[in-house]
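Structure record follows, encoded as structure tokens.
Residue numbers (the numbering used here): 1 to 444.
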């Protein structure tokens with residue numbers, strides 16, 4: 001058997017250090033193994049990591065000097081020195097992380113002749129173009145509507161929920177198709193759309209409710225319109241929390257016609273950390289893909305916090321171990337207040353840009369994501385991990401180049417000295433309290 005080289009990087013709360021190389025000792029006696037990785041047993045293939053290029057995120061970056069914006073984009077999309085992001089999420093017309101409510105058509109335009117998305121050329125699309133240049137390839141894009149046009153809705157406004165009127169299902173699908181075609185004309189291929197962001201929530205911002213039955217109906221309408229318009233774009237349902245993900249997916253996917261139009265199921269992390277709910281969906285509908293479409297730290301900026309990074313890693317690892325195939329963070333950047341947000345729904349982001357001081361702050365969440373995204377690359381396969389004890393969160397993937405990546409998250413106050421069996425090769429690593437460690441085993 002060819003000898004493999006094992007290296008590791010670690011981030012530790014006690015000394016507020018990130019991505020520091022740590023020593024790994026070879027172990028010949030595996031009788032006390034704590035973590036066993038077996039790459040002969042494989043699960044899902046990984047799509048990649050990414051985040052949302054919202055109007056607020058891209059506008060905020062443009063309030064910084066050009067070189068600061070460039071350094072942020074390099075930090076996210078550079079494959080060598082950054083997080084190596086390959087996915088991206090966009091909002092179709094306004095969301096809460098826009099500077100204001102806006103639409104692409106004028107009121108009561110049932111022909112879409114006034115359709116105009118020039119606003120996206122101010123901040124969003126120029127930033128997306130640069131991100132793709134840095135990535136060296138087109139991003140895999142997921143686009144989501146937060147609300148149909150106000151006049152198409154039962155409440156007559158973009159905000160505060162309401163429903164899409166039945167008579168406008170087809171027109172709204174045509175609106176989304178028009179967005180996809182306009183994006184294509186601008187040079188952007190959209191991999192998938194979600195039917196509706198958070199369809200079970202009435203929010204003070206741009207929102208619209210769909211029951212499971214209504215979402216199934218909307219899937220059928222979208223599928224028909226996409227076919228008419230020769231659009232090869234996937235459809236993702238739910239795009240909301242894990243708490244009722246199985247019930248929603250089961251209702252939609254048990255409709256045979258809707259089932260044919262659905263590529264996958266999107267989840268958010270608010271309300272629930274029931275990671276096994278994803279496995280319930282996978283077990284019943286194994287041909288459907290699982291993708292994380294949004295998560296962030298609510299309640300404003302938390303500079304220097306450690307628990308925020310732990311929440312990211314815990315959620316990513318938990319979902320990965322239950323058939324997740326891709327991870328999309330929410331805003332990649334926010335300002336010093338946690339906005340802009342047109343209804344004051346301020347949040348945190350992995351990178352905070354202080355627009356007054358003209359500096360960028362990198363939160364723990366940025367580095368925790370990096371412990372996964374820098375090493376687990378698109379095309380990697382999740383492999384089997386067994387763990388003695390339940391104090392750690394662990395996941396392992398095998399990349400297409402044969403490298404084996406194991407990530408160990410310790411959220412406890414207790415340090416551990418662990419022995420890892422990596423395809424029967426022993427390695428010892430010290431895992432401090434409140435730390436995250438990435439171990440890479442590759443051909444020597």
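Where a beta carbon is used, it is the ideal one built from N, C-alpha and C, also for glycine. Owing to the predicted nature of the structure, the values given are computational and were not obtained by experimental measurement.
message = Within a Cβ cutoff of 7 Å, which residues of the same chain sit near residue 375, ignoring the five residues on either side of it in sequence?
response = 405, 438 and 440
Cβ-Cβ separation, residue 22 to residue 427 (assumed contact under 8 Å), whole Å = So it is not a contact: roughly 11 Å between Cβ atoms.
task = Tell me, please, which residues DSSP counts as bridged to residue 248.
result = Partner(s): none; residue 248 has no beta bridge.
query = With a CB to CB cut of under 7 Å and the five nearest residues on each side skipped, what residues in its chain are close to residue 1?
reply = Bear in mind that a pLDDT of 49 at residue 1, under 50, signals an unreliable position, so the model cannot answer this.
query = Under a three-way DSSP split, which group does residue 1 fall into?
reply = Reliability fails at residue 1, whose pLDDT of 49 lies under 50, so the model's placement of it is uncertain and no value is given.
message = Please classify residue 432 as buried or exposed, where buried requires at least 16 other C-beta atoms within 10 Å of its C-beta.
response = buried
query = When you compare each of 190, 263 and 162 to residue 220 by their alpha carbons, which one comes out closest?
reply = 263
inquiry  = Below 6 Å, is the gap between the Cβ of residue 116 and the nearest heavy atom of the ligand SAM?
reply    = As presented, the structure is devoid of all ligands, the ligand SAM included, so that no description of it is given.
ask   = Within 10 angstroms of its Cβ, does residue 469 collect 16 or more other Cβ (buried), or is it exposed?
value = Residue numbering for the chain in the displayed model covers 1 to 444; residue 469 lies beyond these limits and cannot be assessed.
query = Is the region 108 to 123 close to the region 354 to 365, with three or more CB pairs under 8 Å?
reply = no
ask   = Count the other CB atoms within 10 Å of the CB of residue 96; is the residue buried (16 or more) or exposed (fewer)?
value = buried
request  = Using a threshold of 7 Å, state whether the C-beta atoms of residue 74 and residue 24 are closer than that.
outcome  = no
key: Member of 206, 241 and 51 whose CA lies at the smallest distance from the CA of residue 373   = 51
query = Just how far apart, CA to CA, sit residue 392 and residue 216?
reply = 39 Å
request  = Rounded to whole angstroms, what's the CA-CA distance from residue 388 to residue 223? Just pull it up for me.
outcome  = 47 Å
query = residue 309 lies in the alpha helix (DSSP H); which residues open and close that run?
reply = 307 to 320
task = Put residue 302 into one of helix, strand or coil per three-state DSSP.
result = coil
ask   = Is DSSP giving residue 108 helix, strand or coil here?
value = coil
query = In three-state terms, what does DSSP make of residue 356?
reply = coil
Residue burial classification, residue 58 (beta-carbon count within 10 angstroms, cutoff 16) = buried
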